[in-house]
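2 protein chains.
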Amino acid sequence: MSSGRILVAQGGGPTAVINQSLAGVALEARRFRDVTRVYGARYGVRGIINEDFVDLTQETSQNLELVAATPSSALGSTRDKPDAAYCQEIYHVLRAHQIEHFFYIGGNDSSDTVRIVSEQARQAGYPLRCIHIPKTIDNDLVGNDHTPGFPSAARFVAQAFAGANLDNAALPGVYVGVVMGRHAGFLTAAAALGKKFPDDGPHLIYLPERTFVLDQFLADVKAVHARYGRCVVAVSEGIHDAAGTPIASLLAKEVERDAHGNVQLSGNGALADLLCEAIKAKLGIKRVRGDTFGYLQRSFIGCVSDVDQREAREVGEKAVQFAMWGGRCGSVAIKRTGFYSVDYELLELDAVAGKTRVMEDEFISASGTDVTDAFRLYLRPLLGAGMPDAFRLRAAPVAKVLKR
Amino acid sequence: MSSGRILVAQGGGPTAVINQSLAGVALEARRFRDVTRVYGARYGVRGIINEDFVDLTQETSQNLELVAATPSSALGSTRDKPDAAYCQEIYHVLRAHQIEHFFYIGGNDSSDTVRIVSEQARQAGYPLRCIHIPKTIDNDLVGNDHTPGFPSAARFVAQAFAGANLDNAALPGVYVGVVMGRHAGFLTAAAALGKKFPDDGPHLIYLPERTFVLDQFLADVKAVHARYGRCVVAVSEGIHDAAGTPIASLLAKEVERDAHGNVQLSGNGALADLLCEAIKAKLGIKRVRGDTFGYLQRSFIGCVSDVDQREAREVGEKAVQFAMWGGRCGSVAIKRTGFYSVDYELLELDAVAGKTRVMEDEFISASGTDVTDAFRLYLRPLLGAGMPDAFRLRAAPVAKVLKR
Chain D
52 MSSGRILVAQ GGGPTAVINQ SLAGVALEAR RFRDVTRVYG ARYGVRGIIN
102 EDFVDLTQET SQNLELVAAT PSSALGSTRD KPDAAYCQEI YHVLRAHQIE
152 HFFYIGGNDS SDTVRIVSEQ ARQAGYPLRC IHIPKTIDND LVGNDHTPGF
202 PSAARFVAQA FAGANLDNAA LPGVYVGVVM GRHAGFLTAA AALGKKFPDD
252 GPHLIYLPER TFVLDQFLAD VKAVHARYGR CVVAVSEGIH DAAGTPIASL
302 LAKEVERDAH GNVQLSGNGA LADLLCEAIK AKLGIKRVRG DTFGYLQRSF
352 IGCVSDVDQR EAREVGEKAV QFAMWGGRCG SVAIKRTGFY SVDYELLELD
402 AVAGKTRVME DEFISASGTD VTDAFRLYLR PLLGAGMPDA FRLRAAPVAK
452 VLKR
Chain F
52 MSSGRILVAQ GGGPTAVINQ SLAGVALEAR RFRDVTRVYG ARYGVRGIIN
102 EDFVDLTQET SQNLELVAAT PSSALGSTRD KPDAAYCQEI YHVLRAHQIE
152 HFFYIGGNDS SDTVRIVSEQ ARQAGYPLRC IHIPKTIDND LVGNDHTPGF
202 PSAARFVAQA FAGANLDNAA LPGVYVGVVM GRHAGFLTAA AALGKKFPDD
252 GPHLIYLPER TFVLDQFLAD VKAVHARYGR CVVAVSEGIH DAAGTPIASL
302 LAKEVERDAH GNVQLSGNGA LADLLCEAIK AKLGIKRVRG DTFGYLQRSF
352 IGCVSDVDQR EAREVGEKAV QFAMWGGRCG SVAIKRTGFY SVDYELLELD
402 AVAGKTRVME DEFISASGTD VTDAFRLYLR PLLGAGMPDA FRLRAAPVAK
452 VLKR
């Protein structure tokens, strides 16, 4: 006899739309007569271990809708990466609470957790349906056209660079913006969508999919600066040398800053600062400014793609439908079916779990410092409606009176 | 006989609405029959020296409206701070081009430039009307209730902290966000408007109007972290010790980083990084993240206050009206007349030029690390319509089965 209990949790870094998926699961599950309880685990898998559950069946649909439109993980999240023993513990708690369906909203690591828990339940002969619901601003899940959370973060990055370009045009110099994404450059590449006029920035984009060579970087910046009198650069936090060593730590050594020797990639401004200092020192350009977009790019409230919102909602709803009608375990994936339309499918957990997608070669220009039109075509519809636009004066010059 | 020529220029740091003021001047001036030409100087006063003018009379009103809605200075800006000789040069160029009205959109330094040029023209007996149009995200112009550009930047800061608070609640730890404002703390204080529920961050706000004491800061963070298990902090880039020395350089010494010895306040992440390292080292808290809002806070496209937009437009229009109907030199100022309504007045240039307003004591709480309700009442209407709102789950806890 069925307990009718399901559990949903959120893992990894928050996004602008991860609560849409949560609301999608909760509201859709509540429509099924067989479902008696919709539990939410607080702080991801850690909340499962700690039996820290809340009953979403007792939440109003009105408030679930309001929470859906609120960024960041409403249930709380965790950075825990469960090993087999941790997963065993998860399985035991789920079983103790007679959970029959487990929905975990997260990225690669989360999908691997779902895969292990699913396998353990199967081996024990306990009928647990495990569904992974995709979420990551890095867009690095294989088998997905794109992942919920990425479009809104990409929109933030595109808008940020559109603004930074205007600022840089008004007060010319070099501007370096460092964007999240350790292995996949999708989010950094989104900077290109902030560009409108041919001489707009970002003029150069450095992705983790390509080897970063400092001398080449400096030569690139010098050439753009010579041409336009200014230069806007988008840099992924994950740029590395041919051996895979992060540039942040290499540069730190070069400028003899031991204390920066082993820097974390996110949550500090080291990489931007070090690149700016290299430009100042080696190119002799005075006005050089660096920003690290940091947490703003994933949690800024009020910058969201409507396409991302509705898709994040749908992957949650579809997860429940796949579980209820299909009775299979798996990972929900977004499939592009037109320009622009999508559908959803349930992939095998093995096909997604623990794997990392990086930017396809067709999306990166031959120079390695720009994106292709294929990427623009890929990303533009994801950014959604109402993207702000930038306009310029085109006024006629006035003849000089005093000087020639 | 009148030449009918006017000149407008933009100075200092760009804002989200400075082009509204530009459009206000151009469109209003074009309505006057006596005005034959509306010139714009490219790159502020430097463009005047270089006779680098464009003819805004030949720009379409459609495009002027689109440019008005675009952030950053469409004419270009400058960081030049003219001395008497520089002003003399400005005056000579204006005279050579038979400019009769000079409108300069900018902050304190710009108002001082307008004052000197106006004085020089008067002494030379040349009939030049000089009007300063207020603009600064720092909100530090005396005689103004607030300055155009500040409300939109404040909105960005409030939204950024609302999001950072949600992110920090999902993945608890300490978050430090560094905000622009060297002498005046208004923009940093705007972080308080991102707070909704009583335990929301920012929990602590450090302003340049109060002396920063590192030990007290660490004690404050420790206390908040002990209470909520997390802590969100807003810090002004201008925080300093009792002697007025910037904390960035003090901390750099303390952690023995000579290369950071003499850091610039904006355009790098040094202060946030140093504060985060102090928290990690002295309080033993693991998850500590710092963001420096940098240029995003003044040039992000798509985050703007509608109140700011319309007021920035009006100070431009009023500047022309004061010049045409009043025939006086002066600085346009915003006066608050109700909750919420404003009117505009023309102040003497002497009353504004080169002076700096800081946050009034009534806006800062007794603790020195929060704002008062008077400040909330002051700022809220400026942020405009459609501020995003954050919602929480209020679901009932589920009883534990396994553990007690």
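Sequence lines, in order, name chains D and F. For the first sequence, my numbering gives the first residue as 52, with consecutive numbering after it. For the second sequence, my numbering gives the first residue as 52, with consecutive numbering after it. The beta carbon of each residue, even a glycine, is placed where N, CA and C say it ideally should be. Quick caveat, the model's predicted, so the values are computed rather than measured.
LYS386/F has ASP394/F as its beta-bridge partners, per DSSP.
Contact check between the region 119-137 of chain F and the region 91-104 of chain F: three or more CB pairs, one atom from each, fall below 8 Å, which counts as touching. In the DSSP assignment, GLY214/D falls within the alpha helix (DSSP H) that extends over 201-221.
Boundaries of the beta strand (DSSP E) harbouring HIS183/D: 180-185, taken from the DSSP string.
Listed by position along chain F, the residues whose Cβ is nearer than 8 Å to that of LYS333/D form an empty set, because the closest Cβ is around 16 Å away. Secondary-structure assignment with DSSP links ARG340/F through a beta bridge to TYR226/F. Against chain F, a Cβ distance below 8 Å from ALA323/D picks out ASN319, GLY320. For the pair GLU79/F and GLU368/F, the CB atoms are nearer than the 7 Å cut-off. By DSSP's assignment, ALA447/D forms a beta bridge with ASP106/F. Using a Cβ-Cβ cut-off of 9 Å, ASP266/F is close to nothing in chain D; its nearest Cβ partner there is about 21 Å away.
Contact annotation: in the region 241-267 of chain D, residues whose CB is within less than 9 Å of a CB in chain F are GLY245.
With fewer than 16 neighbouring CB atoms inside 10 Å of its own CB, GLN113/D falls in the exposed class. Cβ neighbours of ARG166/F within its own chain (closer than 6 Å, five residues either side excluded): LEU400, ALA404. Taking the beta carbon of LEU217/D as reference, the chain F residues within 9 Å of it are PRO65, THR121, PRO122, SER123, SER124, ALA125, SER350, ILE352, listed in sequence order. Interface flag for TYR90/F against chain D is set, since a Cβ pair is found closer than 7 Å.
Below the 8 Å Cβ cutoff, chain F contributes SER123, GLY127 as neighbours of ALA220/D, in chain order. Interface criterion not met: the Cβ of GLN113/F is under 7 Å from no Cβ in chain D.
Closest in C-alpha terms to GLN139/D, from the list THR164/D, GLY341/D, GLY55/D, comes THR164/D. Rounded to whole angstroms, the gap between the alpha carbons of LEU217/D and PHE154/D is 43 Å. With respect to the C-alpha of THR407/D, the residue from GLY295/D, PRO202/D, GLY236/D having the closest C-alpha is GLY236/D. Considering only CYS282/D, VAL89/D, GLU328/D, the residue with the shortest C-alpha distance to GLN109/D is VAL89/D. Among the residues facing chain D, GLU102/F is included, as its CB has a counterpart in that chain under 7 Å away. Beta-bridge partners assigned by DSSP to SER287/F: VAL230/F. Taking a 10 Å sphere around the C-beta of LEU192/F, we find 16 or more other C-beta atoms and assign the residue as buried.
ILE156/D and PHE351/F have their alpha carbons spaced roughly 30 Å apart. Within the region 276-292 of chain F, no residue has its Cβ closer than 7 Å to any Cβ of chain D. HIS152/D is bridged by DSSP to ILE57/D, ARG180/D. By alpha-carbon distance to GLY353/D, the top candidate from ARG340/D, ALA417/D, GLY437/D is GLY437/D. No Cβ of chain F is located within less than 7 Å of the beta carbon of LEU302/D.
At least 7 Å separates the CB of HIS183/F from every CB of chain D.
With respect to GLY320/D, THR343/D sits close: the two C-beta atoms are nearer than 7 Å. Linking SER203/D to GLU170/F through their CA atoms gives a straight-line distance of about 52 Å. Secondary structure of GLY64/D (DSSP, three-state): coil. Judged by beta-carbon spacing, ARG56/D lies beyond the 7 Å limit of CYS380/D, meaning their Cβ atoms are not closer than that value. With respect to the C-alpha of ILE298/F, the residue from VAL383/F, VAL229/F, ASP271/F having the closest C-alpha is VAL229/F.
The criterion of a C-beta distance shorter than 7 Å is not satisfied by ASP271/D and LEU258/D.
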